[in-house]
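Just so you know, the sequence shown maps onto residues 1 to 222 in full-length UniProt numbering. Just so it is clear, CB atoms sit at the ideal spot from N, CA and C, and this is done for glycine as well. The next block holds one structure in the form of structure tokens; read it before the comments.
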Amino acid sequence: MGGQRQWNRVLLSMVTYWCSLLLGQPRQLYTNRVVTLWYRPPELLLGDRQYTTSIDMWGAGCIMAELWTRTPIMQGDTEQKQLTMICNLCGSITKDVWEKVTELPLYDRMELPQGLPRILTQRMRGFVKDELALSLIDELLALDPMKRLDGLKALDHSFFFTQPYPKDDVKDLMDTVKTSQFEYTAGRGAHANRGRAMAQAAQRPQPRTTSSQPGQYHDMIF
1 MGGQRQWNRV LLSMVTYWCS LLLGQPRQLY TNRVVTLWYR PPELLLGDRQ YTTSIDMWGA
61 GCIMAELWTR TPIMQGDTEQ KQLTMICNLC GSITKDVWEK VTELPLYDRM ELPQGLPRIL
121 TQRMRGFVKD ELALSLIDEL LALDPMKRLD GLKALDHSFF FTQPYPKDDV KDLMDTVKTS
181 QFEYTAGRGA HANRGRAMAQ AAQRPQPRTT SSQPGQYHDM IF
């Protein structure tokens, strides 16, 4: 658990540093086609182009959860499907939980499942036994970006101030990592069709394809 606390603190420290570089800059229009799909927050999927550094805090929450599940928690293969999976886990996207959501460009163009409860902590409880860790993940994965923890508040969360405490020096933790995790993910997910993965994929037997109707997707959930 101490090692997980340290990894989480390192992750949030990195996000906080990069976010701090953008503070004070005037808001402008950006592309919403940023962030790997599995870690993309709902505001980007709904077309927001004046987003804030809260998009990185959503990604940090996804990665923090992944440290326990050992697999990405929402693995949609299209933007619509990713949005649906977010609703399935974090509850329906409505004005009740996200006041300004109707102002987003794609709000009326995307299918948003209604009547879904937020079950994030219930699902994660099978992997995460620490209630403070569950609380931090839950606050990082708030649907409304204005309610999402920022980097400094996340680092001040009680999770990091209970035993076992994270170490001050990350070097000891890095020494426990003997292999690159990239080797396990190359050729899949975010690394598909890149570099060495393409050559490896060519050598592997190809799975039998099946026909599917438009609108049907193949997705993975944790």
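Report task. Over the uninterrupted alpha helix (DSSP H) stretch that includes M110, give me the two end residues. Result -> Counting along the chain, no alpha helix (DSSP H) covers M110, and no H or E run does either.
Requested in this report: In the DSSP assignment, find the alpha helix (DSSP H) that holds R123 and state where it starts and stops.
Outcome: Where R123 is concerned, the enclosing alpha helix (DSSP H) stretches over 120–124.
Query raised in the report: Exposed or buried, which one is S54 when buried takes at least 16 other CB atoms within 10 Å?
Result: Result: buried.
Query raised in the report: Whose CA, out of W98, V101, I73, lies closest to the CA of L89?
Result: Considering only W98, V101, I73, the residue with the shortest C-alpha distance to L89 is I73.
Requested in this report: Out of M124, D168, S158, point me to the one whose CA is closest to Q66's CA.
Outcome: It is worth fixing the name first, because residue 66 is Glu in this sequence and not Gln. Closest option to E66, Cα to Cα, is M124.
Query raised in the report: Taking the alpha carbon of I119 as the point to measure from, which residue in D138, Q163, L106 has its own alpha carbon closest?
Result: It is D138.
Query raised in the report: Taking just the CA atoms, how far does K95 sit from A197?
Result: Note that A197 scores 43 on pLDDT, short of 50, meaning its location in the model is unreliable and no value can be drawn from it.
Report task. With a cut-off of 8 angstroms on the beta carbons, I'd call Q50 and L83 a contact; round off their distance for me. Result -> A Cβ-Cβ separation of about 19 angstroms leaves Q50 out of contact with L83 under the 8 angstroms criterion.
**Report entry** S135 CB to nearest heavy atom of the ligand GDP below 7 angstroms
**Finding:** In terms of ligand content, the structure shown is empty, and the ligand GDP therefore cannot be addressed.
Requested in this report: Could you give the DSSP three-state label for A65: helix, strand or coil?
Outcome: In this structure, A65 counts as helix in the three-state DSSP scheme.
Query raised in the report: For G47 versus L106, is the C-beta spacing smaller than 8 angstroms?
Result: Contact: yes.
**Report entry** Euclidean distance between Cα positions of T102 and T78
**Finding:** Spanning the two alpha carbons is a distance of roughly 21 angstroms.
Query raised in the report: Going by alpha carbons, who is nearest to D156 out of M146, L143, L136, L141?
Result: Among M146, L143, L136, L141, the Cα nearest to that of D156 belongs to L136.
Query raised in the report: When the distance is taken between beta carbons, is M64 closer than 8 angstroms to L140?
Result: Their beta carbons are under 8 angstroms apart, which means L140 touches M64 by this criterion.
Query raised in the report: With a CB to CB cut of under 6 angstroms and the five nearest residues on each side skipped, what residues in its chain are close to D144?
Result: Excluding residues within five positions, the ones whose Cβ falls inside 6 angstroms are W98.
Query - Residue from Y165, R70, R40 with nearest C-alpha to F127 - result: F127 has its Cα closest to that of R70, out of Y165, R70, R40.
Query raised in the report: Expressed to the nearest angstrom, what Euclidean distance is found between the alpha-carbon atoms of D168 and F159?
Result: Answer to the nearest angstrom: the Cα atoms are 15 angstroms apart.
**Report entry** Whole-angstrom distance between L45 and F161, CA atom to CA atom
**Finding:** So the alpha carbons of these two residues sit roughly 34 angstroms apart.
Query - Residue burial classification, K81 (beta-carbon count within 10 angstroms, cutoff 16) - result: That one is buried.
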